[in-house]
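Undergrad: Protein chains in written order, with my numbering: chain A, 1 to 334; chain B, 1001 to 1334.
Number of protein chains: 2
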Amino acid sequence: MKKLINEMDKVVDECVEGFLKANKNQVKRVGNVNAIARKEAPKQGKVGIVIGGGAGHEPLFLEFIGGGMADAVAHGDIFAAPSPNVILEATRAAAGGEGVLYIYGNYEGDVMNFDMAAEMAKNEGIENETVRVWDDVASASPDEIEERRGISGDLFIIKIAGAKAETGADLEDVKSTVEKARDNTRSIGIALTSATLPNTGEKTFELGEDEMEVGMGVHGEPGVERIKIKSAEETVRTMADKVLEDLPFRSGDEVVTLVNSYGATTRLELQIVYDEFSSILEERKIDVYDAEIGAYCTTQDMAGCSITLMKLDRELKKLYNTDANSPGYKHFQE
Amino acid sequence: MKKLINEMDKVVDECVEGFLKANKNQVKRVGNVNAIARKEAPKQGKVGIVIGGGAGHEPLFLEFIGGGMADAVAHGDIFAAPSPNVILEATRAAAGGEGVLYIYGNYEGDVMNFDMAAEMAKNEGIENETVRVWDDVASASPDEIEERRGISGDLFIIKIAGAKAETGADLEDVKSTVEKARDNTRSIGIALTSATLPNTGEKTFELGEDEMEVGMGVHGEPGVERIKIKSAEETVRTMADKVLEDLPFRSGDEVVTLVNSYGATTRLELQIVYDEFSSILEERKIDVYDAEIGAYCTTQDMAGCSITLMKLDRELKKLYNTDANSPGYKHFQE
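#1: Taking the alpha-carbon positions, what's the B:S1152 to B:A1093 distance?
#2: Closer than 8 angstroms, CB to CB, is A:D275 near chain B or not?
#3: Is there a Cβ from chain B that is less than 8 angstroms from the Cβ of A:A232?
#4: From the beta carbon of A:D301, is the nearest beta carbon of chain B less than 8 angstroms away?
#5: I want to see whether chain B comes within less than 8 angstroms of A:A169, judged by CB atoms only; does it?
#6: Are the C-beta atoms of A:K317 and some chain B residue less than 8 angstroms apart?
#7: Examine the Cβ distances between the segment 1009-1018 of chain B and the segment 269-286 of chain A and report whether three or more of them are shorter than 8 angstroms.
#8: For A:G56, which three-state DSSP category applies?
#9: May I have the straight-line CA-CA distance separating A:V224 from A:Y329, to the nearest angstrom?
#10: Cβ of B:T1193 less than 8 angstroms from any chain A Cβ?
#11: For a contact defined as C-beta to C-beta under 8 angstroms, what are the partners of A:P42 on chain B?
#12: How long is the line joining the alpha carbons of B:E1254 and B:V1214, rounded to whole angstroms?
#13: Where does B:E1269 land, buried or exposed, given buried means 16+ other C-beta within 10 angstroms?
#14: Span of the alpha helix (DSSP H) holding B:L1020?
#15: So which residues of chain B does A:I229 contact, with C-beta pairs closer than 7 angstroms?
#16: Flag B:A1264 as yes if its beta-carbon sits less than 8 angstroms from any beta-carbon of chain A, otherwise no.
#17: Nearest-angstrom Cα distance between A:I157 and B:L1062?
#18: Please state the DSSP three-state secondary structure of B:D1106.
#19: So which of B:I1190, B:K1043, B:L1247 has the shortest CA-CA distance to B:L1207?
#20: Report all residues from its chain with a CB closer than 8 angstroms to the CB of B:E1233; omit the five preceding and five following residues, and keep chain order.
#21: According to DSSP, which residues form a beta bridge with B:N1321?
#22: Residues in its own chain within less than 6 angstroms of B:D1110 by CB, not counting five upstream and five downstream?
#23: Along the chain, which unbroken stretches of the alpha helix (DSSP H) at least 4 residues long are found entirely within the segment 259-322 of chain A?
#24: Taking 8 angstroms as the threshold (beta carbon to beta carbon), is B:S1278 in contact with chain A?
#25: Find the residues of chain A that neighbour B:V1100, judging by a C-beta separation of less than 7 angstroms, and give them in chain order.
#26: Going by beta-carbon coordinates alone, are B:G1076 and B:Q1026 separated by less than 8 angstroms?
#27: If you reduce the DSSP assignment to three classes, tell me which class A:G162 lands in.
#28: Over what stretch of residues does the beta strand (DSSP E) that includes B:V1178 continue unbroken?
#29: Please report the straight-line C-alpha distance between B:A1210 and A:A295, rounded to a whole angstrom.
#30: Between which two residues does the alpha helix (DSSP H) harbouring B:T1091 extend?
#31: Got a sec? Which residues, its chain only, sit under 6 angstroms from A:I280 by beta carbon, not counting five neighbours each side?
#32: Counting only Cβ pairs nearer than 9 angstroms, list the residues of chain A close to B:P1082.
#33: Of all the options B:H1331, B:G1150, B:A1072, which has the alpha carbon lying nearest to the alpha carbon of B:K1043?
#34: Tell me the rounded alpha-carbon separation between B:S1261 and B:R1267.
#35: Tell me, to the nearest whole angstrom, how far the beta carbon of B:S1187 is from that of B:T1308; I am working on the premise that it is less than 8 angstroms.
#36: What does B:C1015 reach in chain A if we use C-beta pairs closer than 7 angstroms?
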């Protein structure tokens, strides 16, 4: 395995250490675990936004704490949910008297551990609510939407949550807006290669030299079809058809989009993907308010990408436009 | 080759198209070539900052135009300098009456073509000056510093240039500050794997399964030694020794640092690298004012990383602290 690591069983701890050192003026460790909060958390009179999940998807979730983003993160091991006590530490760090909203990807381990932490937090008098992200259209049918997995849509949903919480809205209001953002967001991913996990040296799955998988999950979960590798244009059309028909996104809709690299796919390729995706949206008269391009939700060195759309309304657009300043995602107007 | 492309000979043009579409409110194409400028360029009364070089290193240089960064970019083919006419178009777009400063990596093709464009621009009455970036300590000895190549140090130098130009300083002043930034900046890179070029499908070089190369250039130029792969800790110590002794950086110096991925190296690994690098700087009592971690100067899907330091003085620190808002690099204070 050609990776810049020391011992396999320390990769997550050393990553967190490096992250803390590189952002020493913005973030702090809380408890004696991999729970990290904004330096100024908890902020009194503001709903706390707590995110988290397995490691290995950096910058998601670890690096999405900061101004206009989350207040604290519970960071698990590679592809493993954070334990309830880590989530509880993050919760305490984010709780400023107005309660806490949990946001995380809809995976069994995360659901179980966040639910346990939520109970523990309630017992400590910290009011809390939860929004699970299930943007991956390839992972279950539309009538089983609550079975879907969360992928790159996390970025927009966390951004909206951070912005809404900073308006001073109460927990019920923040939850309701974040649910709207979640319900307006759809993604789909494809994989061209497997990833090699830094904690085991193992590949996540096998994929033939001439194959790609449409709908591949961010931990290598099977997608909807394994096909011969196609051109960027054909690939994006396949992805766009599936993602656009799901909400569905219609002529006249205004959206923000993300073209996300899963790891080894380059920014050059992402721009080519966006070139095609943008043409498709134009054909369908879907108006792109803003487009993000980069690696925000990764699967280590897996080659592949995902596309995400969030349909805007007046409130979401206003919240989208506020500043976000986290180590892993920055957005601001001049 | 597992890449999201269409035709090999169109990858750069399609990348530029995608970039223009994704950033349609911020940037525009100028001429009928791959020269791209900020929408509001040229800005009257401000020195224009023109950058450029071969494609394949995205976000460098293409995505470094924007507020507090460059005004225009001349984008070449993969690993090939932009032609003089492309540079001239970028120059015209950036020229607001106070002249233009060229900043690019110190490679033969770039030097030749930028020099030709500079002559052509002078003939059109556009005053201009040049700062070549030569931060790669592995590429030539300290007494042949003008033979060194430019690598990830470009990021900090372009950031300082953009900030200085926005103060309204004249061309001579901007050049002098940017030269100082360049002279205060040192980098070194290592490669763990080769890259596959999207325009040819070829690998840039061969490297054994258990080998890494210290000092590898961003186009696969040979480094200073090819060694058995080491732990992150040993690798970073090797890199740090070479880069720190070169300026040299001394106890009491204040620096900004960059840990840069060449492509397939993940953010998890970059944090581990920074964890070690930060310890070394602490041992040597070199004070880190700010640390950037990410993929800013890439070589397609090559695994490997570079570390960069820029020594600060009062002026550079102030300029570093100003906002930068380009698609490929954002920096702001809350």
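For glycine and all other residues, C-beta sits at the position ideal for the given N, C-alpha and C.
TA: The short version:
#1: 25 angstroms
#2: yes
#3: yes
#4: yes
#5: no
#6: no
#7: yes
#8: coil
#9: 30 angstroms
#10: yes
#11: In chain order: nothing, as chain B lies at least about 17 angstroms away.
#12: 26 angstroms
#13: buried
#14: 1011-1022
#15: K1002
#16: yes
#17: 29 angstroms
#18: According to the sequence displayed, residue 1106 of chain B carries Asn and not Asp. Residue state, collapsed to three classes: coil.
#19: B:I1190
#20: E1276
#21: Paired residue(s): none; B:N1321 is not in a bridge.
#22: G1053, A1081, Y1104
#23: 267-283, 314-320
#24: yes
#25: In chain order: nothing, as chain A lies at least about 22 angstroms away.
#26: no
#27: helix
#28: Looking at the DSSP string, B:V1178 is not in any beta strand (DSSP E); the run it does join, the alpha helix (DSSP H), is 1171-1183.
#29: First, the amino acid is wrong: residue 1210 of chain B is Asp here, not Ala. So the two alpha carbons sit approximately 28 angstroms from each other.
#30: 1084-1094
#31: A240
#32: Within chain A, no residue comes near B:P1082; the closest Cβ sits about 16 angstroms away, beyond 9 angstroms.
#33: B:A1072
#34: 8 angstroms
#35: 4 angstroms
#36: L268, Q271, I272
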